[in-house]
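The letter at position 449 of the sequence shown is residue 449 when you use the working numbering, and the numbering goes up by one with no holes.
To start, the structure itself, in structure tokens.
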Amino acid sequence: MERRARTFTRILAGAAIAVSGCGGASNSTSSPPPPPVHNEWTWISGADVVDQAGVYGKQGTPSSSNSPGARAGASSWIDASGNFWLFGGYGAGAVLSPTVFEGDLNDLWKYSNGEWTWVSGSDQTEQPGNYGSTGVGAPGNVPGARWFATSWTDAAGNLWLFGGLGIDSTSTRGDLNDLWKFSNGEWTWMGGSKMAAQQGISGAWQGTGIYGTQGVPSPYNFPGAREWASGWTDTAGNLWLFGGEGTDSAGNLGYLNDLWKYSNGMWTWIAGSNLVDQLGVYGTLGNAAGGNTPGARVSSIAWTDKSGNLWLFGGEGDDATGKGIGCATSPYVCELNDVWKFDGTHWTWMGGSNVTDQPGIYGTQGIAASANIPGARTDAVGWLDAEGNLWLFGGLGNDSAGSYGELGDLWKFSGGQWIWVNGPNTVNQIGSYGTLGTAASTNEPVCRHWAVGWTDQSGNLWLFGGFNQWTPPFNGQFNDLWEYQP
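Following this line, the structure appears as structure tokens:
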């Protein structure tokens, strides 16, 4: 169907669950995490092998034996109390058999006090959405199974979910543009379509964006159906949405570079194009300008600094030369490592290259340098620490030698400079789990992409799940939970 989704279908076909696989190991039970150790990883819970089924327990009841199944492309949040939340993704439900493989999920989990709780949704894959009435919460409401949705937490601590690739109200699979809120234990469908984008007889795609007038909010505006978009929350709790793969204003399917704001129940098209596959306009490094804009892309890392500026790093897509437009036929030659800042009015190219597929410049581990830059990559994990610094882990991309594959490097971006903090500077490394619950300098998560992360109230970084394509015996999806204290 979608350009990138066709590639991933081919990749994941080789990762269908082998029921007895990986030595027959089972999920590890979780326990309250020990005091973290600075600059060391701790394997907290989940399995040290791939493709494990979920252990759901009783809905609404926390247990040390509960564990979400292995998955990739899930959505994550942190609520006002500091609890971690996890929704959906592509992976394993509660039952695996020779005829039941992985699929899209719509289970909602909470992690608190060292235990997982299955909160809502199904323990089986490929479930349609139950939308109810727009704007009305109900116990039976639930988004359909999906992965690569955009998620954020508002100023009141409510969880929000937008779009992704998944199952609509009619059990049809495709790109979505439905908007959901989870509050007081109930899902509410807030807007967008109950139907996935589908190609019509004319060749155009349904699920087009309604852009309206740039800079003017309207209740009729709505981003088109999409997956792999990037999202921010500003200091007022508003959502900002950028890019992804989806449908533009003309019904074309491709990579997007539109920037949207959601505030007071209305969408505003802020910047970028309303058409797919636009090149980046970089301007001069470090100088804001009205014509600057990142190229169309998917799976970037997005964060907000303490001044409320929006930042964007990397992803897969279009550079200044148009090289990335060939992603449909050459999916591994269009990764980016550019850094952008949006100040509310203008984009500024802040670092990295304006062409794709650059190797990483690692420098000396632990030492900041102006020349340092992570290699071009997509599908990485990003966190903000207590001081507002960005941390970056893994993804698919280029290592120090320019080799392409699974990454497991950990970076920090602070004061405008990158620091290679931890992990290998070469691709496809298997890492080391060490002992469950024990931090060690030799511990390293297996290289991976499509994982999710949280930052706890103490500023520690948490990593869950993801997918590895090229590193035997870890070819598959993870359900391991890790903690890293900066």
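By construction, the Cβ of each residue, glycine as well, lies at the ideal position given by its N, Cα and C atoms.
The structure displayed is predicted, hence computed values, not measured ones.
Considering only Thr345, Gly295, Gly291, the residue with the shortest C-alpha distance to serine 353 is Gly295. Of the other Cβ atoms in all chains shown, fewer than 16 fall within 10 Å of the Cβ of proline 219; this residue is therefore exposed. Counting only the Cα atoms, asparagine 475 lies some 14 Å from valine 427. Here methionine 350 carries a strand assignment [DSSP, helix/strand/coil].
A direct Cα-Cα distance of roughly 9 Å separates glycine 395 from glycine 466. Annotation for aspartate 107: the continuous beta strand (DSSP E) segment containing it runs 103 to 112. Burial is judged here by how many other beta carbons sit within 10 angstroms of a residue's own beta carbon; glutamate 335 has at least 16 and is buried. Unbroken beta strand (DSSP E) runs of no fewer than 3 residues, entirely contained in the region 142 to 185, are found at 150 to 153, 159 to 167, 173 to 183, following chain order. DSSP lists no beta-bridge partner residue for lysine 58. Judged by DSSP in its simplified three-state form, threonine 293 adopts strand. Only residues of its own chain outside the window of five on either side were considered, and among them Asn27, Ser65, Asn66, Ser67 have a CB closer than 7 Å to the CB of valine 55, listed in chain order. Between alanine 368 and isoleucine 301 a beta carbon distance of about 19 Å is seen, past the 8 Å cut, so the two are scored as non-contacting.
Annotation: asparagine 422 to glutamine 127 spans about 39 Å, alpha carbon to alpha carbon. Excluding residues up to 5 positions away in sequence, Trp391, Thr455, Gly459, Pro486 lie with their Cβ nearer than 7 Å to the Cβ of aspartate 385 in the same chain. About 10 Å separates the CB atoms of leucine 312 and tryptophan 349; that is not less than 8 Å, and the two are not in contact. By DSSP's assignment, leucine 407 forms a beta bridge with Gly395.
Rounded to the nearest angstrom, the gap between the Cα atoms of leucine 161 and glycine 191 is 11 Å.
The C-beta separation of threonine 117 from glycine 157 comes to about 17 Å, leaving the pair out of contact by the 8 Å criterion.
With contacts defined by Cβ atoms closer than 8 Å, glycine 375 and glycine 360 form a contacting pair.
Put simply, of Gly212, Ala289, Ala155, Ser122 the residue whose alpha carbon is nearest the alpha carbon of glycine 91 is Ser122. Between glutamine 124 and alanine 149, the C-beta spacing is not below 8 Å. Asparagine 372 is a Cβ neighbour of glutamine 417, given a cutoff of 8 Å. Contact between glycine 132 and aspartate 168 is absent: CB atoms are separated by about 14 Å, not below the 8 Å threshold. One Cα belongs to aspartate 318, the other to tryptophan 303, and the distance between them is close to 20 Å. Ranked by Cα distance from glycine 137, the first of Gly254, Gly286, Lys181 is Lys181. Scanning Tyr211, Trp482, Ala196 for the CA closest to the CA of serine 432 turns up Trp482.
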